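Accompanying notes for the structure given below.
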Amino acid sequence: MSTKSVSKPLTQRAAWKALGAHCKRISKLHLRKLFAADAQRGEKLTAQAAGLFLDYSKNRVTEKTLKLLLQLADESGLRAKIDAMFAGEKINVTENRAVLHVALRAPRDAKIFVDGKNVVPEVHAVLDKMSAFSDRVRRGEWKGHTGKRIKNIINVGIGGSDLGPVMAYEALKHYSDRSLTFRFVSNVDGIDFVEATHDLDPAETLFIISSKTFTTLETMTNAQSARDWTLNGLGGDAKAVAKHFVAVSTNAEKVSAFGIDTANMFGFWDWVGGRYSMDSAIGLSTMLAVGPDNFGKMLAGFHALDEHFRTAPFAKNLPVLLGLLAVWNNDFLGAQTVAVLPYEQYLKRFPAYLQQLTMESNGKHVTLAGKHVNYQTSPVYWGEPGTNGQHSFYQLIHQGTRLIPCDFIAFAHALTPLGRHHDILLANVFAQAEALAFGKTADEVKAEKVPAALVPHKVFEGNRPSNTILAEKLTPEILGQLVALYEHSVFVQGAIWNIDSFDQWGVELGKVLAQRIVPELESQTAPKLKHDSSTNNLIRRYRKMKTPA
Ligand code: G6Q
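Residue numbers for the sequence shown, in numbering that gives the first Met the number 0: 0 to 548.
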């Protein structure tokens, strides 16, 4: 089946229409009632895959809702779309590219074809090269220009070439070599570079320039500053670049033009989207931090979830369930955002990572065929680790006027147990999901002898949906599973909405626009400005303000 054509436009599919009518009927139905009506609900509406347990019982759904959502998946051609992705079909239609992040974690003997060529051997050749390099650096065999051991590693990249590496480094810090210092420079704001390097010795510092295209303005500007900083610190000998710079890119020509020996380049392919690249060579900093074995375990975790997604029946398929529930909350219950709330400090960058994965993928306004959609696509994802968020924005989730579905993520074991901390942490996550679902009625508040005037202020309506994802502990395998779970949930949502989840024309636009204004800010003579009057005025004002008096 072609991925471009699903039988009918989304809003005309039978399941979509039925869901609309069904939603009207059950929209007032409270989770209190749903749980009261079925004592087993909390056990029934759960699913498990690899090391992840998903409790989705606290969603505002009945058995009928779930049946209709699964029917919608069928009517949307989800099975064929999944098969098309795994088969290397060019499902990124606007860029005419295959979408094969699943090949990045395929075992050595797997076969996945793009244009008739099995890509798995190349994937493993790069992984082997990364492993050999990581071992040399971690053992102190890769020396800097002056013969000193490399102690500091700085990843320079932005967007997909930054958010995954940062998130994975933070998430797997427990497993990292603490004798190495890792920093991440992304912003073109020079402060990012200056702060990342101010206490480091260039003789002991290795830069990984991570850029799929090797043309991104921010990364190239930071890479140039890194080159200057290194050469200034090491006496200006250009040969130092070879010892202090490696590149991760698909663009060998540009890497070479920058002065990095392509022997020190780690490649990937146009079928890996930036936001899906943390398990490609873009993850080199992760591998340097945790070692090739742990990186391999992370890939195995990704692969386990890939296989589950590819083969499990939809009714028990975690990414399918998570994706369909997201569609339900977004398109039928009208939720505009999703809060991702990991109760695990090591996952502090996970919400930021997910923001790109979800919103860059599904923040689209036209279908695959280029027709304007007449339904909502991606909600806004945001979040912070618990329990911190409880002392700030949770107020709005509990008692505000908006519906904000939450994904809670928690682990049975702390990586570094400390007294009672972990039980207290977990008590909080369970309590929050419970309070959001069931709330507190006026009668319950009155029973606490609260003065009448205060009763409405202390009422919690409840009926706030949430998912809880529970795993044993945050291992490299589990991190891989968790990321793959969300990658595939995003896929499911995009498949239902019939959009291209794998292009990013909005990002490309930004890259072009800034390039146009840079010369207008830098030119010695007043430039002829042809923008709107506001932009012209701001540019003129900036030029005046930056000129020394
Ligand atoms: C990701 C996006 C975007 C990209 C950055 C960096 O899917 O395409 O975030 O990763 O713009 O691009 P380069 O890796 O080419 O520098």
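Think of the CB as a built atom: it goes at the ideal place given N, C-alpha and C, for glycine as much as any other residue.
These figures come from a predicted structure and were not determined experimentally.
- Three or more pairs of CB atoms, one per stretch, sit closer than 8 Å, so the segment 318-334 contacts the segment 370-380.
- Per DSSP, reduced to three states, the secondary structure at V245 is strand.
- Between L402 and A338, the CB-CB gap reaches or exceeds 7 Å.
- In this structure, the C-beta of K363 stays at least 6 Å away from each heavy atom of the ligand G6Q.
- For the set T61, A409 and K448, the Cα lying nearest the Cα of A430 is the one of A409.
- Look at D198 here: in three-state DSSP terms it is coil, with no helix or strand label.
- DSSP assignment within the segment 293-338 yields the following whole alpha helix (DSSP H) runs of 4 residues or more, N-terminal first: 317-326.
- The beta-carbon separation of A225 and F206, rounded to 5 Å, stays under the 8 Å limit for a contact.
- Three or more beta-carbon pairs separated by less than 8 Å link the segment 495-503 to the segment 89-96, which places the two stretches in contact.
- Three or more beta-carbon pairs drawn from the segment 296-315 and the segment 474-488 are found closer than 8 Å, and the two stretches are therefore classed as touching.
- Distance between F267 and N387, taken at the CA atoms: about 38 Å.
- Residue burial is scored here from C-beta neighbours: T229 has at least 16 other C-beta atoms within 10 angstroms and is therefore classed as buried.
- Taking 7 Å as the cut-off, the beta carbon of L340 is found no closer than this to the beta carbon of L484.
- In the structure shown, M219 falls within a helical segment according to DSSP collapsed to helix, strand and coil.
- Here S533 carries a helix assignment [DSSP, helix/strand/coil].
- Nearest to L469 by C-alpha distance, out of K445, H412 and A434, is H412.
- Taking 7 Å as the cut-off, the Cβ atoms of A436 and L30 count as close.
- Here F181 has I152, Y168, S284 and A288 as same chain residues with Cβ atoms under 7 Å from its own Cβ, once five neighbours each way along the sequence are excluded.
- Annotation for I157 indicates a beta carbon within 6 Å of some heavy atom of the ligand G6Q.
- Proximity of the beta carbon of V506 to the ligand G6Q is indicated: a heavy atom of the ligand is located closer than 6 Å.
- Per DSSP, N250 lies in no alpha helix (DSSP H) and is assigned neither H nor E.
- Residue range H420 to F437 is occupied by the alpha helix (DSSP H) that includes N427, with no beta strand (DSSP E) assigned at that position.
- If you look at Q47, you'll find it in the beta strand (DSSP E) that goes T45 to A48.
- In the DSSP assignment, M358 falls outside any beta strand (DSSP E) and carries neither an H nor an E.
- Residue pairing of G266 in beta bridges, as defined by DSSP: S248.
- In this structure, DSSP gives V449 a state outside helix and strand, which the three-state scheme calls coil.
- A distance below 7 Å separates the beta carbons of L77 and A494.
- According to DSSP, residue pairing for T467 in a beta bridge involves D54 and F407.
- V136: not part of any beta strand (DSSP E); member of the alpha helix (DSSP H) spanning V119 to R137, first to last residue.
- The beta carbon of K253 sits closer than 8 Å to the beta carbons of T212, F213 and T214 from its chain, once the five residues preceding and following it are set aside; these are given in chain order.
- R12 carries a coil assignment under DSSP once its states are collapsed to helix, strand and coil.
- The Cβ neighbour count for H530, taken over all protein chains shown within 10 Å, is under 16; the residue is labelled exposed.
- Annotation: R12 to K448 spans about 52 Å, alpha carbon to alpha carbon.
- For W381, there is no enclosing alpha helix (DSSP H); the enclosing beta strand (DSSP E) has its first and last residue at V379 to W381.
- For G273, the closest of V491, S210 and S6 by C-alpha to C-alpha distance is S210.
- By the Cβ criterion, the segment 153-167 is in contact with the segment 342-361, since at least three pairs of Cβ atoms, one from each stretch, lie closer than 8 Å.
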